[in-house]
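What follows is a single structure, written as structure tokens, with notes after it.
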């Protein structure tokens, strides 16, 4: 896949183009491209100030990729095993990876006047793209996709909050 194809796919995902999500879902060679998108968004969010003051340009992509792997696994378990969707873990990796494409705009968050707007809008844009990615990969309706995203988020955030609380108290 040429670099132009990566950019085209990122633009397609960012514009919530259903055909783009279907394309990357079916293209088993696009998993590394999806990982590259996740890493680029991690770097962009670190540079744009979304990663926190102590986030390094090395740690952010590693953490973001680990989070992406877990998120795809959780959405696979919930969407395919509980709600009866028809995706593989790889298909969710690819669609959810490309769904992060709007996050490259975090680079512009350092600009005065627009930074706040970017920090406000991009997370919701990425959420919207993620729900579409889940819907397209699992081949079910938007309601189940939203439910999969919410239940998956809760399944990830509750243990993380408990661990953070234990770490802070110990």
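In this note's numbering, the protein residues as written are 494 to 663.
From the three backbone atoms N, C-alpha and C, an ideal C-beta is built for every residue, glycine too.
Source: prediction; values computed, not measured.
From residue i to residue j, what distance separates their C-alpha atoms?
i	j	result
residue 564	residue 604	30 angstroms
residue 652	residue 573	21 angstroms
residue 494	residue 507	Model confidence at residue 494 stands at a pLDDT of 48, short of 50, so the residue's coordinates are unreliable; what they give is reported in the following sentence. So the two alpha carbons sit approximately 19 angstroms from each other.
residue 647	residue 571	11 angstroms
residue 581	residue 609	37 angstroms
residue 600	residue 593	14 angstroms
residue 501	residue 509	12 angstroms
residue 611	residue 552	23 angstroms
residue 542	residue 602	7 angstroms
residue 533	residue 554	8 angstroms
residue 632	residue 579	6 angstroms
residue 522	residue 595	22 angstroms
Let's see if you can read the secondary structure: which residues bound the alpha helix (DSSP H) around residue i?
i	result
residue 512	511-519
residue 522	It is not in any alpha helix (DSSP H) - residue 522 carries neither H nor E in the DSSP assignment.
| request: With a floor of 4 residues, list each alpha helix (DSSP H) that falls wholly inside the segment 600-653, ordered by position along the chain. | output: Listed in chain order, the complete alpha helix (DSSP H) runs (minimum 4 residues) inside the segment 600-653 are 608-631.
| query | Is the segment 549-568 in contact with the segment 497-505, if contact means three or more CB pairs nearer than 8 angstroms? | reply | In short, these stretches do not touch, since the Cβ pair count stays below three.
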